[in-house]
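Trainee: Line by line, the protein sequences are chains E and X. With the working numbering, letter number 185 in the first sequence gets 185, and the count goes up by one each step, no holes. Heads up, the working numbering is the position in the second sequence plus 1000, with the first residue counted as 1. A virtual CB, placed ideally from N, CA and C, is assigned to each residue, including glycine.
There are 2 protein chains.
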Amino acid sequence: MLNASIGAPALCVVAGLAALLFAMVLTKRVTSVAPGDEKMVEIMDSIHEGAMAFLGRQYKTLLIFIAALAIVIVGAGMLTGGTAEGLNPLTAVPFLVGACCSILAGNIGMRIATKANARTANAASQSGLNKALSVAFSGGAVMGMSVVGLGLVGLGVIVMIFPGQADIVNGFGLGASSVALFGRVGGGIYTKAADVGADLVGKVEAGIPEDDPRNPAVIADNVGDNVGDVAGMGSDLFESYVGSVIAAIALGASMAIGANGEGVMVPMLLAAWGIAASIIGTFFVRTGEGKNPQKALDAGTYVATVLSIIGTFAICKFVLPESFSDGVNTYTNMGVFIASVAGLIAGTLIGKITEYYTSTEYKPVKDIAASCETGTATNIISGIATGMISTGLPIVVISIGIFAAYYFAGLYGIAIAAVGMLSTTGIVVAVDAYGPISDNAGGIAEMAGLDHSVREITDNLDAVGNTTAAIGKGFAIGSAALTALALFSAYTQAAGVASIDIMNPMVVIGLFLGGMLPFLFSAMTMQAVGRSASHMITEVRRQFREIPGLMEGKAKPDYARCVDISTTAALREMVAPAVMAVVAPLFVGLVLGAEALGGLLAGSLVTGFLLAVMMSNAGGAWDNAKKYIENGHHGGKGSDAHAAAVNGDTVGDPFKDTSGPSINVLIKLMTIIALVFVPLFL
Amino acid sequence: MLNASIGAPALCVVAGLAALLFAMVLTKRVTSVAPGDEKMVEIMDSIHEGAMAFLGRQYKTLLIFIAALAIVIVGAGMLTGGTAEGLNPLTAVPFLVGACCSILAGNIGMRIATKANARTANAASQSGLNKALSVAFSGGAVMGMSVVGLGLVGLGVIVMIFPGQADIVNGFGLGASSVALFGRVGGGIYTKAADVGADLVGKVEAGIPEDDPRNPAVIADNVGDNVGDVAGMGSDLFESYVGSVIAAIALGASMAIGANGEGVMVPMLLAAWGIAASIIGTFFVRTGEGKNPQKALDAGTYVATVLSIIGTFAICKFVLPESFSDGVNTYTNMGVFIASVAGLIAGTLIGKITEYYTSTEYKPVKDIAASCETGTATNIISGIATGMISTGLPIVVISIGIFAAYYFAGLYGIAIAAVGMLSTTGIVVAVDAYGPISDNAGGIAEMAGLDHSVREITDNLDAVGNTTAAIGKGFAIGSAALTALALFSAYTQAAGVASIDIMNPMVVIGLFLGGMLPFLFSAMTMQAVGRSASHMITEVRRQFREIPGLMEGKAKPDYARCVDISTTAALREMVAPAVMAVVAPLFVGLVLGAEALGGLLAGSLVTGFLLAVMMSNAGGAWDNAKKYIENGHHGGKGSDAHAAAVNGDTVGDPFKDTSGPSINVLIKLMTIIALVFVPLFL
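Written out as structure tokens, the structure is:
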């Protein structure tokens, strides 16, 4: 029987297991392909080991963090516990389960992604474009299916263990958030420290090409692609995915929608159906020789989206009561459907807008490239201005989405919009994780000295990967904002405050402090990249100087040492921003109270969203302006304009790959901390 | 007899007239000094004429803007009028008076500032440091006294004409805001278009030094210093000054503090006494040969501050009732005193924090200079990160200030804190306007070929001017934020909404849209500078090419043409951002309602304050990092580090002198528009 405490979560578990089963099938599909010659295998193994080494070291730090937070939960629970309003110490259980699920998803995804790279290159060499696309996409889809599979299995089990106890279930989201913090911040610092180190010494000082095996940091750089765009992105969307469902469950429960908990069931059913839609979508990702692989990836996403909409309609129509009330207004089941579709459309539009501002096809990037003709300064100003302007449309889109969701289904509608936007997370992550695999495949083809025609195929795949990465970033930001807003709504319901009134100066203080945090957080992560990169630069220079025969290709560099430096630096540098993200909401909640904390969350949501969009888009636009010039415009490679473009790209690196994406996690983490610890603030 | 409708405003008029009388004395003091030889007079006249030409052209555009807005006020008043809740068409009267007062203050200030420059240089040459300081400071003090004098005369007269009609008096603030919009945005674009044009072609391409008379844009550049830092800064602080008093009057009236309108009287009395304190303070600005002029300026400010505090204590103690209530809490007269002092201290602290982040004396600028060693990209990242981090302390300071003011005196306290912060506006503007006069004096000394020892004195004065400019910028931002918050409080009272609740998604949409506007506005003004500068560059290149004998110093460049280009470009480019600033709040208020508009104002206040601080401080820090390197660090002038620093400085120019300061006006203008037009949104 379909109900909120057994039936619906059981369906989640079943759908999740199906996703995991499909991930196993995909894994087989990837590993059954030969990884190529000895040299390719050697490089692949280096990347794989480097990635696993990073994860292993990260787990140790994570363990301390998770343990500390679990102790805080249990301790706070014992202090306030016993009463119905207290924090339940059992919240630590879903917290730990959520963290473990996210860690496991990341581990599986990374494990396969770092085995798919050489196989993609080899498939390109042996069988051509379609097979290479299939391997790369299958590798990425393992990550996608692990994220949604483990997300729903874990969440479903937790809901069954704690039926009707939304306050405890929230712990699952906090666990996911904690892992995402490490994935995004630590991963973001890692990837850019390695990238900048490899580029600055290798390309600029030593004058050797990208992905040259003589460069000591080349493996760290390739590891970094996976650490950032597979594990980091995956943990971020894992968090949004489960966070949106949790928020909808919490609101469905507190608003008592439906006589039998239908409001609680619906988000779970939507998520479960979304997995089916995503799996079916993957079968449409296929291309032919000489065709644009972008179309194949788009086809998969569109199929999943349309299927998701159809299923959503059915679920809303047949599960929800025809009308329900939040005490003030009355809404219909079709209103909920509209809210969900509003979220899906908003997510798609934000992705498209991101593409407009960051693709070489459109005016903004062309204008930035043109501004390089008058030097670096004009390029920087032009990029920052473009990043700022690019906040306009996403804000309008998300505002319309919020308006539609709220108008047709109240606060519950906002959470459902987030669930709708994230229902196709499985295939979105798959398309996203495909990017670094293709990128790595190109690197391996270069390092292993494969035929030029192979490199052409991998370059083709990689170029598409840059576009999907940009769209994925937009989607990640949009979904983070909507999830944070849904969690914020759940927080306000849980806090039971009459209002969070901007006319109350305590709320204004919260707004000011919250608005400032993303600025501080961005600055901290940016400076962390700078410091980490300088360690890397020193080490790469040392190896070039001290290892005899390295430049002549007679000796091998010490790749592992560079991997180690990135790892150590990333984990050390993320401590300060991570602590700030956890302590700030607790401090404000405890000292200034639940209303000021509400202001803080709203403030950080607004400026966080704006800064994340601005930084990601400015960074993406600079990157592609450089590529545009390299393609022969404004004097091409080696021109003064190109030198200016390289500077812009370097500034944009921490913008788009560290600080911008880290903000996604910041705004969600602070909100879920507020939601979990709300009993302490009342 | 001291009362709210005659006595107190009459005192304002008297104090204002005293300030204007003192401005006349100062004018005499300046004009009685000989302006030097024929060449110096010629240059001075060119700058003077250029500045007056800009103002003249600006007035024509302003006239259209003001007339249009007046028609809107009268039209909206006729449509909604008649009822007590409607917009009173008479609001157009104070609107026009406010605009005229601000225009007049700017005109007087500019007129004298552009006559004090050559006289400062000549005084340095004839009598040494102390006399030069006295002339430059007196020139700046004319602007300071005009701002507070005309501000209080105008406001006092309006209050006497419309006693007890706070809604009509608000129009005065809107007039001031409209002029500030032109002063800051137009002035900001003008000054940087001229500066970038003069530097890029003159210094970089033609290889001639700064302030070389052969550079066709040199006069425009010197005019720009006055347009930006005298007229622009003056109109900005004029707006804050009258805005804070208006907000306090409105809140004092709506909260009915004191049986005889004592709550309305106090802000007027504080402002009136602040003029006396400022005048007395100016007498302490004197230095000796070989001493640091900074100390002299500080002494004047500190004396004015201490006097202001003493007077505030007396006014609160003897005018206000011992205790009063806002209906919920009871406050004391000493609470109001504390609120006022909290504002004064917050303003001083924000200035000091700005100095810390932008002065060559401290770590942030030194770190940025060090980052230039690894190139432009690291310099840019370092500067942006510093700008972002520098938002932290000002936010904390202003939050504590808001907390203290609210805790001790409620919403009224917040408005009084703004009045307190701005009570010493007279001397603050004087110190600020002293900067461009000294800067111009140095330019004239260079162009007229005065002795090296003269240039040393003017360089000394100019270096101090850079510090005071940075502090002044911090003060302007802080006071803009506090004034906007006070006006926002007045708006919420006037709107009579029960709450502006962030739990209401319409308010969240307002927050998102409002938060986005400063980003869009900054991008627009930044791009405007880029376009205007490129016109200037084209013209300067043309003159170098087409005027025979120019480089050899045998022919004179066409200065007027460059002045004209800056003027035309600035006035054309400011249309779009200006329209957006006016239309956005009207649109949201009319379409989404008074609560969403409240969200919009709060959102723009928060991100506007953060962006303004970030951009001003990043720009100031880059500027001084360049100076630090030019003083011989990291390889000095001509090194690679210096080239990187020049790029950072160029990026920082529109940050600190156009976009950052323009945001001050944006947040105040949108709030006062909401306040004036609130009857339309209900």
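Run down chain X in chain order and give the residues with a C-beta less than 8 angstroms from the C-beta of Ile395 of chain E.
Mentor: What Ile395 of chain E touches in chain X: Phe1512, Leu1513, Gly1515, Met1516.
Trainee: Taking buried to mean at least 16 other C-beta atoms within 10 Å of its own C-beta, is Leu1344 of chain X buried or exposed?
Mentor: buried
Trainee: Considering only the beta carbon of each residue, do Arg1119 of chain X and Val1033 of chain X sit closer than 7 angstroms?
Mentor: yes
Trainee: Which term fits Val591 of chain E, buried or exposed, when burial requires 16 or more other beta carbons within 10 angstroms of its beta carbon?
Mentor: Val591 of chain E counts as exposed, since fewer than 16 other C-beta atoms from the protein chains shown sit within 10 angstroms of its C-beta.
Trainee: For Met268 of chain E, does the count of other Cβ atoms within 10 angstroms reach 16, so buried, or fall short, so exposed?
Mentor: buried
Trainee: If you draw a straight line from the alpha carbon of Met421 of chain E to that of Ala346 of chain E, how long is it in whole angstroms?
Mentor: C-alpha separation (whole angstroms): 7 angstroms.
Trainee: Starting from Ser1399 of chain X, trace the alpha helix (DSSP H) both ways and give me its first and last residue.
Mentor: 1392 to 1422
Trainee: Let's test the definition: count the other Cβ atoms within 10 Å of the Cβ of Ile1629 of chain X and tell me whether it reaches 16, buried, or not, exposed.
Mentor: Sixteen is the threshold: when 16 or more other Cβ atoms of the shown chains lie within 10 Å of the Cβ of Ile1629 of chain X, as they do, the residue is buried.
Trainee: Would you kindly check if the distance between the Cβ of Ala486 of chain E and the Cβ of Ala418 of chain E is under 7 angstroms?
Mentor: yes
Trainee: Roughly how many angstroms separate the alpha carbons of Leu1511 of chain X and Pro1518 of chain X, rounded to a whole number?
Mentor: The straight-line gap from Cα to Cα measures roughly 12 angstroms.
Trainee: Which partner residues of Tyr559 of chain E appear in the DSSP bridge assignment?
Mentor: Tyr559 of chain E is not bridged to any residue.
Trainee: Between X:Asp1462, X:Cys1372, X:Gln1058, X:Tyr1331, which lies nearest to Ala1643 of chain X when the distance is taken from Cα to Cα?
Mentor: X:Cys1372
Trainee: Compute the Euclidean distance between the alpha carbons of Ala1010 of chain X and Val1157 of chain X, then round it to the nearest angstrom.
Mentor: Computed Cα separation, rounded: 8 angstroms.
Trainee: Residues of the stretch 647 to 668 of chain E in Cβ contact with chain X at a cutoff of 7 angstroms, in chain order, please.
Mentor: Asn647, Thr650, Val651, Pro654
Trainee: Would Leu520 of chain E count as contacting chain X if we go by Cβ distances under 7 angstroms?
Mentor: yes
Trainee: Helix, strand or coil for Thr330 of chain E, going by three-state DSSP, please let me know.
Mentor: strand
Trainee: Is the stretch 222 to 242 of chain E close to the stretch 660 to 673 of chain E, with three or more CB pairs under 8 angstroms?
Mentor: yes
Trainee: So which residues on chain E does Ser1399 of chain X lean against when the C-beta distance must stay under 7 angstroms?
Mentor: Those within 7 angstroms of Ser1399 of chain X in chain E are Ile509, Phe512, Leu513.
Trainee: Given this structure, state the Cα-to-Cα distance separating Ile547 of chain E from Ala555 of chain E, to the nearest angstrom.
Mentor: 7 angstroms
Trainee: Who are Phe324 of chain E's beta bridge partners in DSSP?
Mentor: In the DSSP output, where bridge partners are listed per residue, Phe324 of chain E has E:Tyr331.
Trainee: For the stretch 1185 to 1197 of chain X and the stretch 1558 to 1570 of chain X, state whether three or more C-beta atom pairs, one from each stretch, are separated by less than 8 angstroms.
Mentor: Contact between the stretch 1185 to 1197 of chain X and the stretch 1558 to 1570 of chain X is present, because at least three Cβ pairs lie under 8 angstroms.
Trainee: Short check: CB of Ser489 of chain E to CB of Leu411 of chain E, under 7 angstroms?
Mentor: yes
Trainee: Under 8 angstroms by Cβ, that's how I've got Ala1618 of chain X and Gly1652 of chain X pegged, so tell me the actual separation to the nearest angstrom.
Mentor: 6 angstroms
Trainee: With three or more C-beta pairs closer than 8 angstroms as the rule, is the stretch 521 to 531 of chain E touching the stretch 284 to 298 of chain E?
Mentor: no
Trainee: Quick one, are the C-beta atoms of Gly1620 of chain X and Thr1386 of chain X less than 7 angstroms apart?
Mentor: no
Trainee: So which residues of chain X does Tyr406 of chain E contact, with C-beta pairs closer than 8 angstroms?
Mentor: Pro1505, Met1506
Trainee: What are the residues that DSSP puts in a beta bridge with Val501 of chain E?
Mentor: As written in the sequence, residue 501 of chain E is Asp, which differs from the Val given in the question. For Asp501 of chain E, which the question treats as bridged, DSSP gives the partners X:Asp1501.
Trainee: Under 7 angstroms between the Cβ atoms of Ala1271 of chain X and Leu1152 of chain X?
Mentor: yes
Trainee: Identify which residue in X:Pro1321, X:Gly1261, X:Ala1674 has its Cα closest to the Cα of Asn1003 of chain X.
Mentor: Nearest C-alpha to Asn1003 of chain X: X:Gly1261.
Trainee: Given a threshold of 16 other Cβ atoms within 10 Å of its Cβ, counted over all protein chains shown, does Val266 of chain E qualify as buried or as exposed?
Mentor: buried
Trainee: Just mark Thr1538 of chain X as buried or exposed, buried being the case when its beta carbon has 16 or more other beta carbons within 10 Å.
Mentor: exposed
Trainee: Rounded to the nearest angstrom, what separates Gly603 of chain E and Ile1064 of chain X at their Cα positions?
Mentor: 37 angstroms
Trainee: Kindly list, in the order they appear in chain X, the residues whose Cβ is closer than 7 angstroms to that of Ser499 of chain E.
Mentor: Ser1499, Asp1501, Met1503
Trainee: Taking Cβ positions, are Ile1066 of chain X and Met516 of chain E nearer each other than 7 angstroms?
Mentor: no
Trainee: Please classify Val1204 of chain X: is it buried, with 16 or more other beta-carbons within 10 angstroms of its beta-carbon, or exposed?
Mentor: exposed
Trainee: Is there a C-beta anywhere in chain E that falls below 7 angstroms from the one on Ile1381 of chain X?
Mentor: yes
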